[in-house]
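K.L.:
Numbering (the UniProt record's numbering), first residue to last: 1 to 147. For each residue, glycine too, the CB sits at the ideal point set by N, CA and C. Quantities reported herein were computed from a predicted structural model and do not represent experimental measurements. This is the structure I have questions about; it appears just below.
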């Protein structure tokens, strides 16, 4: 998706205002350096900067799309090179592992529902297995019988 180009409402309003002022007096000077020629010059400077900014955005979009295309080509070539190593040396070879693949004999097939996290990283729960269960003599969540 291309970046949104900038349009300045201030620039458009100033251009309309300059056109109206021009109909009053093309050399209007209201003092303090506020003249129609200075106003028109600033309008053109803004118009030029806006144009340069929008052109830069277009160039940036073009570079971005070129980079994405090159990235896709790189991913394809990396996959093809790995497959070439697999074809030449085999998927169980050390060379295949060196090229970034997982050798076939080192793959672990997980069973359904089994996580791929090694058991040493999984939390362990230890239940108390002493004969009386708890301090007050209750077992299995039932209250101890009183006599």
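Can the beta-carbon of residue 93 be found closer than 9 Å to that of residue 2?
P.N.:
For the purposes of this step, residue 93 is taken as the residue at position 93 of the chain shown. For the purposes of this step, residue 2 is taken as the residue at position 2 of the chain shown. No. Outside cutoff.
K.L.:
Does residue 7 come out as helix, strand or coil in the three-state DSSP assignment?
P.N.:
Taking the chain shown and counting its residues from 1, one reaches residue 7 at position 7. DSSP places residue 7 in coil when its eight states are reduced to three.
K.L.:
Any chance the stretch 68-78 sits against the stretch 41-50, with 3 or more Cβ pairs inside 8 Å?
P.N.:
no
K.L.:
Between which two residues does the alpha helix (DSSP H) containing residue 72 stretch?
P.N.:
Translated into positions along the chain shown, residue 72 becomes position 72. It spans 36-89 - the alpha helix (DSSP H) in which residue 72 sits, taken as one unbroken run.
K.L.:
Just list the residues that DSSP pairs residue 29 with in beta bridges.
P.N.:
One-based indexing of the chain shown puts residue 29 at position 29. DSSP output for residue 29 lists 35 as bridge partner(s).
K.L.:
Compare the beta carbon distance of residue 82 and residue 100 with 9 Å and say whether it is the shorter of the two.
P.N.:
Here residue 82 refers to the residue found at position 82 when the chain shown is read from its first residue. Here residue 100 refers to the residue found at position 100 when the chain shown is read from its first residue. Contact: yes.
K.L.:
What separation, rounded to the nearest whole angstrom, lies between the Cα atoms of residue 15 and residue 56?
P.N.:
To locate residue 15, count along the chain shown from 1; it is residue 15. To locate residue 56, count along the chain shown from 1; it is residue 56. When only Cα atoms are considered, residue 15 and residue 56 end up about 23 Å apart.
K.L.:
Might you give, ordered along the chain, the residues of its own chain that have their beta carbon closer than 6 Å to the beta carbon of residue 84, omitting 5 neighbours on each side?
P.N.:
As a first step, residue 84 is located in the chain shown; it is residue number 84 there, counting from the start. Hits under 6 Å: none found.
K.L.:
From the DSSP output, in three-state form, read off residue 147 for me.
P.N.:
Residue 147 sits at position 147 when you count from the first residue of the chain shown. Note that residue 147 has pLDDT 49, beneath the 50 cutoff, so the model's placement of it is unreliable and no number is given.
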